[in-house]
Amino acid sequence: MLLSRCALVLMPAAVEQYMHSDRYFAPHARFYVREMRIRAYSQHLDSYSSLSLESMAATFGVTMPFLDTELSRFIANGRLACKIDKVAGIVETTRPDNVNSQYQVSPIL
Numbered sequence: 010m011l012l013s014r015c016a017l018v019l020m021p022a023a024v025e026q027y028m029h030s031d032r033y034f035a036p037h038a039r040f041y042v043r044e045m046r047i048r049a050y051s052q053h054l055d056s057y058s059s060l061s062l063e064s065m066a067a068t069f070g071v072t073m074p075f076l077d078t079e080l081s082r083f084i085a086n087g088r089l090a091c092k093i094d095k096v097a098g099i100v101e102t103t104r105p106d107n108v109n110s111q112y113q114v115s116p117i118l
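For any residue, its number in my numbering is found by taking its place in the sequence shown, counting from 1, and adding 9.
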């Protein structure tokens, strides 16, 4: 389920504020909010084959440089299946399919 723009912007901030005020959650707040953002980006990207960085930044209420840096980090870590075309300012999803998964290198047992 995709969240509304207001929820995408306000919910992580509210959750982070709450978690920082709790002594048990505080050490885990950054991790939890980062995972929420990855989940939101993934859900948003699943709906499109490609979309502009500008529209995605507007949807999440962040700046384009912030979004570009964050997406780059998540892509490099293998958390998001997409690629960024910086020249055109487009994010393209790269969904793996079943045919290609057969050719992936499997660990030797």
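Note that the Cβ used here is the ideal one computed from N, Cα and C, for glycine as well.
Since we're looking at a predicted model, the values are computed, not measured.
Alpha carbon of residue i to alpha carbon of residue j, nearest angstrom
{"i": "residue 94", "j": "residue 101", "result": "8 angstroms"}
{"i": "residue 56", "j": "residue 69", "result": "15 angstroms"}
{"i": "residue 28", "j": "residue 34", "result": "5 angstroms"}
{"i": "residue 65", "j": "residue 24", "result": "22 angstroms"}
Limits of the beta strand (DSSP E) - the one that residue i falls within
{"i": "residue 59", "result": "59-61"}
{"i": "residue 103", "result": "That residue, residue 103, is in no beta strand (DSSP E); it is neither H nor E in DSSP."}
Assigned exposure category for residue i - 16 Cβ within 10 Å defines buried
{"i": "residue 10", "result": "The pLDDT assigned to residue 10 is 43, lower than 50, so where the model puts this residue is not dependable, and the model offers no usable value."}
Report yes or no: do three or more beta-carbon pairs, one from the region 76-86 and one from the region 45-56, lie closer than 8 angstroms?
yes
Just list the alpha helix (DSSP H) runs in the region 17-91, keeping only unbroken ones of 4 residues or longer that don't cross its boundaries, in chain order.
38-55, 62-69 and 73-85
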